[in-house]
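Chains A and B are the protein sequences, given in the same order. First residue of the first sequence: 4, per this note's numbering; consecutive thereafter. First residue of the second sequence: 4, per this note's numbering; consecutive thereafter. All C-beta atoms, glycine included, are put in the ideal place defined by N, C-alpha and C. Okay, structure first, notes after.
Protein chains: 2
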Amino acid sequence: MMKTGRSACVYSEVESSRLRVPIPLPSLLKSSSSSSSSFHVVDGPNTSAAANPDEIAKLFPNLFGQPSVSFKAGAGGASLPNKSLNIAILLSGGQAPGGHNVIAGIFDYLQNRTQGSTIYGFQGGPAGIFNSKYLILTHEFVYPYRNQGGFDMICTGRDKIETPQQFHQARETAKMLDLDGIVVIGGDDSNTNACLLAENFRANGLKTRVIGCPKTIDGDLKCKQVPISFGFDTACKIYSEMIGNLMVDARSTGKYYHFVRLMGRAASHITLECALQTHPNIAIIGEEVAAKKQTLKSVTDYITNIICKRADAGYNYGIILIPEGLIDFIPEVQQLMAELNEIIAHDVIDQGGSWKKKLRSQSRELFEILPKAIREQLLLERDPHGNVQVSKIETEKMLIQMVEVELENRKKQGKYNKDFKGQPHFFGYEGRCGLPSNFDSNYCYALGYGAAALLHAGKTGLISSVANLGAPVKDWTIGGTPLTSLMDVERRHGKFKPVIKKAMVELQGAPFKKFSSMREEWSLKNRYINPGPVQFVGPTSDVINHTLKLELGSQA
Amino acid sequence: MMKTGRSACVYSEVESSRLRVPIPLPSLLKSSSSSSSSFHVVDGPNTSAAANPDEIAKLFPNLFGQPSVSFKAGAGGASLPNKSLNIAILLSGGQAPGGHNVIAGIFDYLQNRTQGSTIYGFQGGPAGIFNSKYLILTHEFVYPYRNQGGFDMICTGRDKIETPQQFHQARETAKMLDLDGIVVIGGDDSNTNACLLAENFRANGLKTRVIGCPKTIDGDLKCKQVPISFGFDTACKIYSEMIGNLMVDARSTGKYYHFVRLMGRAASHITLECALQTHPNIAIIGEEVAAKKQTLKSVTDYITNIICKRADAGYNYGIILIPEGLIDFIPEVQQLMAELNEIIAHDVIDQGGSWKKKLRSQSRELFEILPKAIREQLLLERDPHGNVQVSKIETEKMLIQMVEVELENRKKQGKYNKDFKGQPHFFGYEGRCGLPSNFDSNYCYALGYGAAALLHAGKTGLISSVANLGAPVKDWTIGGTPLTSLMDVERRHGKFKPVIKKAMVELQGAPFKKFSSMREEWSLKNRYINPGPVQFVGPTSDVINHTLKLELGSQA
């Protein structure tokens, strides 16, 4: 039995203070009465796809080409009916700070604008739809989660609605609950899935609409209309608090190199943002490693060179940030993985190591220079999706060991004469469920409020889009972007599959350019910044992340 | 060359906001003018030692028996001369949040009360005295460190002043700088060392006095007069922030057991305090394990039993806190370590394992049930002091592996049918250098102010003692406690050595009693509390740690 509800919860002082804080709304969504005419929906021009529009059009015949929409203040256009709705919400994928406020936003909108509505929460993610597991969200139930971290209100899951049977069951659930709409709160995969559901419902003549919300601490779901995914701001601030503490520690003891691995498997946004917040001596950005086709040896040498230069300058300590997915970005490692996967599937991995003869010479060479512990980890089983379990490979320990070996070589050559001490750290789970920062609290509430408004306006297949985020909350804009317009196709198992492309770190983007213009100075001179713990009141509570600030700035 | 100074530092918004915050002083230390007659020193009755007073008297013939002193408001008693002083400060041992405020307090006292004084900072810890490495602290130099974390103003070190040669050099330095006093900011060992230095100076006719300040995040330097060591409050809050985040994460995903190892090698105060702040499902307190003579197997069974009971109740997740020094508290492990130490010193540890025959049967049995990775770690070299490197033994991973094995057994017996996933964490360095909480900021400033006042009053061999800490800062009391009164002797290498006994978790003390009265409920019902990040403004910024609150309460 899944247990939910915070009725048995004890709140900390900070949690209760957050609970009581009113959440500001963008001005255009505010209204003094329950009149729904204080804003209206405006359609923009029709849209296409991120790439391969013909294929996307075939995959989404009922949705492709829809216009983006935006809300404008005042009466006008199609008026929103004041009738009650049946709306369901689900959380999908890993937690991100702010998810509860998306739900609170949806809830409050429907309470304020569509009186008599029923709001359901599917439990445990997408499986809640096809297993028909849900609960009814009431004010008493929702209130205790306002501004609180986690996804525990209705919990989350990593299932997808994929098989015809699952789509069938989803339709049955939608019919049974007489749903007018579903809001899917998730990352790139979950939003792709939301769009498939929207298409499926429409193709089958169901009235149920589907709206997505952009969630992921990894920051890799974003585009012009959706400038940031929620949770990224808070998670990076939590990691940066810890990194800042390690910096002060390193400076105080003068004898440790802290190697910090940070979440972010596919993209290095978190590492880049934490670097911009804290100014480490080294930060490795996976996208750059891939673009420059770096080898593990060249990454090791890059780190070792800086350690030696710092030794010459009198510093025997430092801070090095590494993205979780680093080794995925290194072509030779990917090659090795692919060969290992193949061998593991067909051969016995014996102690004698005769299986190693099946590796290509370059891969074998790489395998042999890896530290023993890593070689063992590489041979571990894969996750259920057949992926290498990157988060289980302790890249920070691997790099420490490889740097140790290289520094020993240089010692023998008389090029280094210090005592190197590497300290490994992994910051992951700690950042996914923190109390949302003021930015994430407000952003999520607006995303949810907007998602409900989109459903109210009868829209489907859109992702809730809150923009103008550099301005005060009152001036934020609200709208919806067709999910099909964010899509491309990938060929998998001989078929075209729609995908929302992950937003990678752009080497020509403002955040990376800022970083690359500063990193040489940071590497030798210590320009550490210690952001401290997230503050919820006072002027320091309004700081937003550098990535968003720089991306907004470069758009201006 | 050691580099110090924050001139090149960039401050985060939170750091600069902290810099500008005025630090409140206890009323009795305040004065509207520079008149030194606004308070005076009152001697209490003479003191003895914590134990073995005769031996302590022999070791400290010039200091033993001194009275405790307290400061009282208003003129009276011996007036403090308004003359300039030469005072030096040193930081000793591991970092603890607030150290910079101790220095700021000393600095401000001397600036306000003894105009024209010169204040030195010994660099890199006690070695700064015997190597005569120091700098002169000016307002411009000290100011940027106010309310900031770390020990980087003058850095720290782990040396002690031990040999006659080192004492000689320390005297030479004290004479050269014409020092009236030295403040030693450190833990139990460092304060013992401070007292030896005070004795040595006095025995040799030097005018230089020595005052200690109680520092350690581990919380094991405390007594009636010194209710808490500084840094404990902040460090526990930082760890609890992370633990709280993991709790919300565990509750949201419903599939992980997070095993969190926390700093605290000798005593489990940090684990106990974090348990009181966050209400984990399990917290292992080393002192209880030792008192009950538990084995590694019985600790594993205790954890496994709760995991099984939780499975029956529908929970397949949880949070388990473990003190860093746990395995040191387990008698059979200590025995194994001792035997291993002996064997390592005399035998070759070969792959064949013939050396294992030298282990006693119980130790050999224990060694064989340990996970392979741990067996390897146990055989690693010891630290320079010959101690097992406890912080390198990943106790949390060891326990996860042992619990896995035990759960497999129970699965076979049909007593458990879930999928156990343990996630290891170690929170250590992250907590030592955080921005000090309001409590630590204020407490440290008062400790420093008081230490300087004690030197001004001509006192030596005392530890700065700030009490009545449950009251608002204005009502805190200030005084000094003879270090000899905190001492016992230990026999080492055939000689009596003075030691300030580490304050262990008292199984009859209020904090442990509170914990043990609650833990059964916490183990099955989820009473998680998520304290959130440390706040510096607003009502939630005044929360103090539970250990101190409970200990003060039980004294009342």
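- Contiguous alpha helix (DSSP H) elements confined to the segment 427 to 503 of chain B occur at 432 to 435 and 441 to 459, taking only those with 4 or more residues.
- For tyrosine 112 of chain A, the enclosing alpha helix (DSSP H) begins and ends at 102 to 116.
- The distance from the Cβ of valine 406 of chain A to that of threonine 307 of chain A is about 5 Å, consistent with a contact at the 8 Å cut-off.
- With fewer than 16 neighbouring CB atoms inside 10 Å of its own CB, alanine 316 of chain B falls in the exposed class.
- Take the alpha-carbon of threonine 166 of chain B and the one of alanine 206 of chain B: they are about 16 Å apart.
- Sequence-ordered contacts of the segment 9 to 21 of chain B with chain A read Ala11, Cys12, Val13, Tyr14, Ser15, Glu16, Val17, Glu18, Ser20 and Arg21 [C-beta pairs closer than 8 Å].
- Contact of serine 255 of chain A with chain B by beta-carbon distance below 7 Å involves Gln98, Gly153, Phe154, Asp155, Cys158, Thr159 and Cys436.
- Distance from histidine 261 of chain A to isoleucine 322 of chain A at the Cβ level is roughly 5 Å; contact confirmed, criterion being Cβ atoms closer than 8 Å.
- Cβ contact annotation for phenylalanine 63 of chain A (same chain, cutoff 6 Å, sequence separation greater than five): Glu202 and Thr487, in chain order.
- Take the alpha-carbon of glutamine 168 of chain B and the one of glycine 222 of chain B: they are about 32 Å apart.
- Counting only the Cα atoms, isoleucine 372 of chain B lies some 31 Å from tyrosine 242 of chain B.
- The alpha carbon of threonine 281 of chain A has as its nearest neighbour, out of A/Tyr259, A/Leu249 and A/Ile109, the alpha carbon of A/Leu249.
- CA-CA distance, cysteine 447 of chain A to aspartate 111 of chain A, rounds to 13 Å.
- Less than 8 Å separates the beta-carbon of leucine 200 of chain B from that of isoleucine 164 of chain B.
- The Cβ neighbour count for aspartate 191 of chain A, taken over all protein chains shown within 10 Å, is at least 16; the residue is labelled buried.
- According to DSSP, cysteine 216 of chain A shares a beta bridge with A/Ile188.
- Using a CB distance below 8 Å, the part of the segment 529 to 540 of chain B facing chain A consists of Asn529, Arg530, Tyr531, Ile532, Asn533, Pro534, Gly535, Pro536, Val537, Gln538, Phe539 and Val540, ordered along the chain.
- One alpha carbon belongs to lysine 498 of chain B, the other to phenylalanine 429 of chain A, and they sit about 45 Å apart.
- In the structure shown, histidine 261 of chain B falls within a strand segment according to DSSP collapsed to helix, strand and coil.
- Note that the C-beta distance between alanine 177 of chain B and phenylalanine 204 of chain B is below 8 Å.
- Shown here, threonine 121 of chain B sits in a strand according to DSSP, grouped into three states.
- Taking 8 Å as the cut-off, the beta carbon of isoleucine 90 of chain A is found no closer than this to the beta carbon of glycine 208 of chain A.
- Ranked by how close their Cα comes to the Cα of alanine 269 of chain B, the residues B/Val537, B/Leu224, B/Leu472 and B/Cys239 have B/Leu224 in first place.
- Taking 8 Å as the CB threshold, valine 406 of chain A stays off the interface with chain B.
- Counting other Cβ atoms within 10 Å of its Cβ, serine 71 of chain B reaches 16 or more and is therefore classed as buried.
- Within the same chain, Cβ atoms closer than 7 Å to the Cβ of isoleucine 403 of chain A are found at Phe262, Gly425 and Pro427, the five residues on either side in sequence being excluded.
- Of the residues assessed, glutamine 118 of chain A falls on the exposed side of the cut-off, its CB having fewer than 16 other CB atoms within 10 angstroms.
- Spanning the alpha carbons of glutamine 297 of chain A and lysine 421 of chain A requires a straight line of approximately 27 Å.
- Annotation for isoleucine 59 of chain A: the continuous alpha helix (DSSP H) segment containing it runs 56 to 62.
- In the structure shown, the three-state DSSP call for glycine 289 of chain B is helix.
- By the Cβ test, the segment 502 to 519 of chain A is not in contact with the segment 16 to 34 of chain B, since fewer than three Cβ pairs between them sit closer than 8 Å.
- Considering only beta carbons, the part of the segment 415 to 432 of chain B lying closer than 7 Å to chain A consists of Gln426 and Tyr432, in chain order.
- The C-alpha of phenylalanine 442 of chain A is placed about 12 Å away from the C-alpha of leucine 450 of chain A.
- The beta carbon of glutamate 244 of chain A falls within 8 Å of a beta carbon belonging to chain B, placing the residue at that interface.
- Residues of chain A with a Cβ closer than 7 Å to the Cβ of threonine 543 of chain B are, in chain order, Glu16, Val17 and Ser20.
- As the crow flies, the alpha-carbon of glycine 247 of chain A is around 8 Å from that of glycine 437 of chain B.
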